[in-house]
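Protein chains in written order, with the numbering used here: chain A, 723 to 924; chain B, 12 to 216; chain C, 1048 to 1251; chain D, 392 to 566.
Have a look at this one:
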């Protein structure tokens, strides 16, 4: 049956209603898992609370397994699913900047919204900073257009909407199995690390 | 409590391993047999030498010739601008971008159209769109384009236009000016005029 | 980390996830026709000589003859006691059952049509679906008729394609004897890596 | 501190949160064919603001004009509605768990103001980075990695790698 809206099984008009509903579920689960407290989030980098790693990896693994089972069963047509495009330098440079912003600001765009929703002023400030950052980027776009579009000096950066398994030509099923094993191993070791790290109360 | 986590971890790994056991890598993103059969019966894959010649003369960018004969046959002669992909390594990744170009008609050429047909079946199965087979292959090309037969006077007007077009094409493709041309009008073989209209079924001997 | 101790909900969620997948795996409709060999394997065996049966050894009774032409041509005449399976119904239920039955009895099936070209595509389709006991009649019905009426070489094997004339030679003497310049095969069109634009608009 | 128990008593088990988030993301892909996101909503807000304040400038600039179309208001995008849902969902969950409280959460060793300044700086950096990489942790990294996109994995590794790398310099801020 594939993605319902792109295949017009559900009319396009429902798209925004579904967006709100899915957003609510997303917000509810993230807040309840503790993503509204920046100190709990940053625990990942200081070893005292691996919530982010556990939720993030479990969600990725569950979705990837689900998607490829659905694809095998013919429930979803992967050629209609939006695959995040790959711009090599843009992904790396953008990621590095975001990592710095993550560890200094304590939030990411999604979690800052969640923090703001329950009254965290630093969440609100972070979101304002986010908008300022986007404004700065947009104004400085002519300078950064090369990295963003993968043109000029960064020509050939755009590898298209390809998956990591297509790029390295390995079977996605095998990759997901490997990724799951790595994830479960990470859960186990982070548990050990947390026991040794000095606990931080927040 | 940690025993519960081991079980859940194990369940997750087993579910992921189940993914690996899914048998069906042979049919993954291939055109299923029923659809392939429809394509085979539609006969719309054939493209006549006249059409290919006229599009090449107009330098039509949306036609791309692929010669599936062996490299050594390719070196003796091939159509101008044809890329040589021997049938054995038709499905190598190296040739994938050429075969799956969008918006370009890929015409498969071989001596007759047996190899081209086989290549076409495998290309269609892998899901490449707009792949065509040169009807009759190079044999037909040489019979029609390079040695155009003078139609009998009783033939309709289009036969004569076709004939003049073919003479021009023959010159264009190095078939030499018409006086030098071998006008072997074998009496017993009736001039088979290739109807440019795509015939419905390619039956008959 | 007190919240790590509460695992009841987690177990329920995991069971729900596994159940969704199991129910799906059990109930999803298996496709009725499937390939059993990959395109690459097919490519290696497509022109193997043992896929073809010569005209002169088709009269032994162990072979099952199948005529792929339309019923109209079939009624006008066919080879021996051939069975008529028009190309349009080569995937029908009863045809597939016949094929499975022949395969079980390991009978060699020889299929033919007007000529080798029009029989090769259906043969490839069946061959890729795993019916390896099917062979192609080299030449087809026209060759059979002409061989019976005795003119030109009946049993000439035209499996491999033969150029009707030496093209290189023809071009050389036609264009006044200069050497035939073969097109260089380093045709570098920039094959754009298919960006596989997905239909759903997304992004963040 | 007693509120430590109060906090953690009400949080979900992270793996449960992960499985539920995975199922929600799976449902998102199944229904809409695209993943979740967050920075896109902020982008639409900025574009809408600039379009309102200086429409001419917005038309000319190559970046804004990508997101301005004459028939749809810039805010009329999927992610803005999703962000509204996120706010509502988070508020609901906070209300149920009793965490609704206007306050700034900061390490007791640093002042409130210092925390807010760093939150602002972090936000700005994240704003620029998320536009360059075309997505943030939930858009590019989570949704991207879930469909095994190469760009998604690169962005995810870059974000967490650089965050781990810079963590040492910000340890006073957090621990």
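We put the beta carbon where it would ideally sit given N, CA and C, even for glycine. All values reported here derive from a predicted model rather than from experimental measurement.
Task: Completely contained alpha helix (DSSP H) runs for the segment 1060-1112 of chain C, where each covers 4 or more residues - done: 1086-1092
TODO: Go through the segment 60-140 of chain B residue by residue and report every complete run of the alpha helix (DSSP H) that reaches 4 residues or more, in order.
DONE: 60-68, 82-87, 107-110 and 125-136
Open item on the list: Is it buried or exposed, residue 1127 (chain C), if we count other Cβ atoms within 10 angstroms and call 16 or more buried?
Closed with: Taking the third chain and counting its residues from 1, one reaches residue 1127 (chain C) at position 80. Its Cβ having fewer than 16 others within 10 Å, residue 1127 (chain C) is exposed.
Open item on the list: Within 7 Å of any Cβ in chain D, is that where the Cβ of residue 1069 (chain C) sits?
Closed with: For the purposes of this step, residue 1069 (chain C) is taken as the residue at position 22 of the third chain. Between residue 1069 (chain C) and chain D, the shortest Cβ-Cβ separation is not below 7 Å.
Open item on the list: Run through the DSSP bridge pairs and tell me what residue 1159 (chain C) is partnered with.
Closed with: In the third chain, the residue the question calls residue 1159 (chain C) occupies position 112. Bridge partners of residue 1159 (chain C): C:1114.
Open item on the list: Suppose you measure from the CA of residue 1113 (chain C) to the CA of residue 1157 (chain C); what does that come to, to the nearest Å?
Closed with: In the third chain, counting from the first residue as 1, residue 1113 (chain C) sits at position 66. In the third chain, counting from the first residue as 1, residue 1157 (chain C) sits at position 110. Cα to Cα, the separation comes out at about 6 Å.
Open item on the list: Under 7 Å, Cβ to Cβ, is there at least one residue of chain D near residue 1057 (chain C)?
Closed with: Residue 1057 (chain C) sits at position 10 when you count from the first residue of the third chain. Output row for residue 1057 (chain C): interface = yes.
Task: Selection from C:1080, C:1183 and C:1101 that minimises the alpha carbon distance to residue 1176 (chain C) - done: Within the third chain, numbered from 1, the residue matching residue 1176 (chain C) stands at position 129. The shortest C-alpha separation from residue 1176 (chain C) is found at C:1080.
Task: Where the alpha helix (DSSP H) through residue 768 (chain A) begins and ends - done: Within the first chain, numbered from 1, the residue matching residue 768 (chain A) stands at position 46. Residues 760-768.
- [ ] Assuming residue 85 (chain B) and residue 1218 (chain C) form a contact by the criterion Cβ under 8 Å, report the distance between their Cβ atoms to the nearest whole angstrom.
- [x] Within the second chain, the letter at position 74 stands for residue 85 (chain B). Within the third chain, the letter at position 171 stands for residue 1218 (chain C). Not really, about 14 Å apart at Cβ, beyond 8 Å.
Open item on the list: For a contact defined as C-beta to C-beta under 7 Å, what are the partners of residue 1072 (chain C) on chain A?
Closed with: Counted from its first residue, the third chain places residue 1072 (chain C) at position 25. In chain order: 795.
Task: Neighbouring residues, chain C, relative to residue 160 (chain B) (Cβ below 8 Å) - done: Along the second chain, one-based indexing puts residue 160 (chain B) at 149. Result: empty, since nearest Cβ-Cβ is about 14 Å, beyond 8 Å.
- [ ] Look at residue 909 (chain A) and residue 836 (chain A) and say whether their C-beta atoms are less than 7 Å apart.
- [x] For the purposes of this step, residue 909 (chain A) is taken as the residue at position 187 of the first chain. For the purposes of this step, residue 836 (chain A) is taken as the residue at position 114 of the first chain. The answer is no: Cβ separation not under 7 Å.
Task: Backbone secondary structure at residue 846 (chain A) - three-state DSSP - done: Start at 1 with the first residue of the first chain, and residue 846 (chain A) comes out as number 124. Helix at residue 846 (chain A).
Open item on the list: Under 8 Å, with one C-beta from each stretch per pair, do the segment 92-101 of chain B and the segment 173-187 of chain B reach the 3-pair mark?
Closed with: For the pair of segments examined, the segment 92-101 of chain B was found not to touch the segment 173-187 of chain B: the number of CB pairs separated by less than 8 Å stays below three.
- [ ] Check whether the Cβ atoms of residue 844 (chain A) and residue 507 (chain D) sit closer than 7 Å, and answer yes or no.
- [x] On the first chain, residue 844 (chain A) is found 122 positions in, with the first residue counted as 1. On the fourth chain, residue 507 (chain D) is found 116 positions in, with the first residue counted as 1. Contact: yes.
Open item on the list: Counting beta carbon pairs with one atom in the segment 538-553 of chain D and one in the segment 885-900 of chain A, are three or more of them shorter than 8 Å?
Closed with: yes
Open item on the list: Would residue 137 (chain B) pass as an interface residue toward chain C - the criterion being a Cβ-Cβ separation below 7 Å?
Closed with: In the second chain, counting from the first residue as 1, residue 137 (chain B) sits at position 126. For residue 137 (chain B), the nearest beta carbon of chain C is closer than 7 Å to its own beta carbon.
Task: residue 1183 (chain C), enclosing beta strand (DSSP E) - first and last residue - done: Against the third chain, residue 1183 (chain C) aligns to sequence position 136. Looking at the DSSP string, the run of the beta strand (DSSP E) that includes residue 1183 (chain C) is 1181-1184.
Open item on the list: Just to check my reading of the structure: residue 855 (chain A) and residue 557 (chain D) have Cβ atoms closer than 8 Å, yes? What is that Cβ distance to the nearest angstrom?
Closed with: On the first chain, position 133 is the one that residue 855 (chain A) refers to. On the fourth chain, position 166 is the one that residue 557 (chain D) refers to. Rounded, the Cβ-Cβ distance is 17 Å, inconsistent with contact.
Open item on the list: Distance cutoff 7 Å, beta carbons only. Does residue 1194 (chain C) sit that close to anything in chain B?
Closed with: Reading the third chain from its first residue, position 147 is the one you call residue 1194 (chain C). For residue 1194 (chain C), the answer is no, since every Cβ of chain B falls outside 7 Å of its Cβ.
Open item on the list: Does chain B have any CB closer than 7 Å to the CB of residue 1150 (chain C)?
Closed with: Here the question's residue 1150 (chain C) lines up with position 103 in the third chain. Nearest CB-CB separation between residue 1150 (chain C) and chain B: not below the 7 Å threshold.
Task: Helix, strand or coil at residue 1131 (chain C) according to DSSP, with G and I counted as helix - done: Counted from its first residue, the third chain places residue 1131 (chain C) at position 84. Strand at residue 1131 (chain C).
Open item on the list: I want to know whether the segment 1054-1068 of chain C touches the segment 13-24 of chain B - three or more CB-CB distances under 8 Å.
Closed with: yes
Open item on the list: Less than 7 Å between the C-beta atoms of residue 145 (chain B) and residue 1208 (chain C), yes or no?
Closed with: The residue labelled residue 145 (chain B) in the question sits at position 134 within the second chain. The residue labelled residue 1208 (chain C) in the question sits at position 161 within the third chain. Cβ atoms of residue 145 (chain B) and residue 1208 (chain C): not closer than 7 Å.
Open item on the list: Assuming residue 840 (chain A) and residue 561 (chain D) are in contact, meaning their beta carbons sit under 8 Å apart, how far apart are those beta carbons, in whole angstroms?
Closed with: Your numbering for residue 840 (chain A) matches position 118 in the first chain. Your numbering for residue 561 (chain D) matches position 170 in the fourth chain. With a Cβ gap of about 24 Å, residue 840 (chain A) and residue 561 (chain D) do not count as contacting.
Open item on the list: Just to make sure I have the definition right: I need the residues of chain C whose C-beta is within less than 9 Å of the C-beta of residue 166 (chain B). Which are they?
Closed with: Position 155 of the second chain, counted from the start, is the residue given in the question as residue 166 (chain B). Neighbours of residue 166 (chain B) on chain C: none; closest Cβ ~23 Å, over 9 Å.
Open item on the list: I'd like to know if the segment 147-154 of chain B and the segment 1086-1098 of chain C are in contact, where contact means that at least 3 CB-CB pairs between them fall below 8 Å.
Closed with: no
Task: Chain-order list of residues whose beta-carbon lies under 6 Å from that of residue 1151 (chain C) (same chain, five-residue window excluded) - done: The residue labelled residue 1151 (chain C) in the question sits at position 104 within the third chain. Nothing listed; no residue qualifies.
Task: Cβ of residue 110 (chain B) within 7 Å of any chain A Cβ - done: By 1-based counting over the second chain, the position of residue 110 (chain B) is 99. Not one chain A Cβ lies under 7 Å of residue 110 (chain B).
Open item on the list: Counting beta carbon pairs with one atom in the segment 429-439 of chain D and one in the segment 522-537 of chain D, are three or more of them shorter than 8 Å?
Closed with: Because the criterion of three Cβ pairs below 8 Å is met, the segment 522-537 of chain D and the segment 429-439 of chain D touch.
- [ ] Evaluate residue 210 (chain B) with the Cβ neighbour count: other Cβ atoms within 10 Å of its Cβ, from every protein chain shown; 16 or more gives buried, anything less gives exposed.
- [x] Within the second chain, numbered from 1, the residue matching residue 210 (chain B) stands at position 199. Here residue 210 (chain B) scores only 40 on pLDDT, less than 50, and its place in the model should not be relied on; the value that follows carries that caveat. Residue 210 (chain B) should be labelled exposed.
Open item on the list: Just list the residues that DSSP pairs residue 145 (chain B) with in beta bridges.
Closed with: Locating residue 145 (chain B) in the second chain gives position 134, counting from the first residue. Answer by DSSP bridge pairing, in chain order: B:58.
Task: Span of the alpha helix (DSSP H) around residue 510 (chain D) - done: Against the fourth chain, residue 510 (chain D) aligns to sequence position 119. Here the alpha helix (DSSP H) through residue 510 (chain D) covers 503-523.
Open item on the list: Run through the DSSP bridge pairs and tell me what residue 779 (chain A) is partnered with.
Closed with: To locate residue 779 (chain A), count along the first chain from 1; it is residue 57. For residue 779 (chain A), which the question treats as bridged, DSSP gives no partner whatsoever.
Open item on the list: Measuring only the C-alpha atoms, how far is residue 454 (chain D) from residue 858 (chain A)?
Closed with: For the purposes of this step, residue 454 (chain D) is taken as the residue at position 63 of the fourth chain. For the purposes of this step, residue 858 (chain A) is taken as the residue at position 136 of the first chain. Their Cα atoms are separated by approximately 11 Å.
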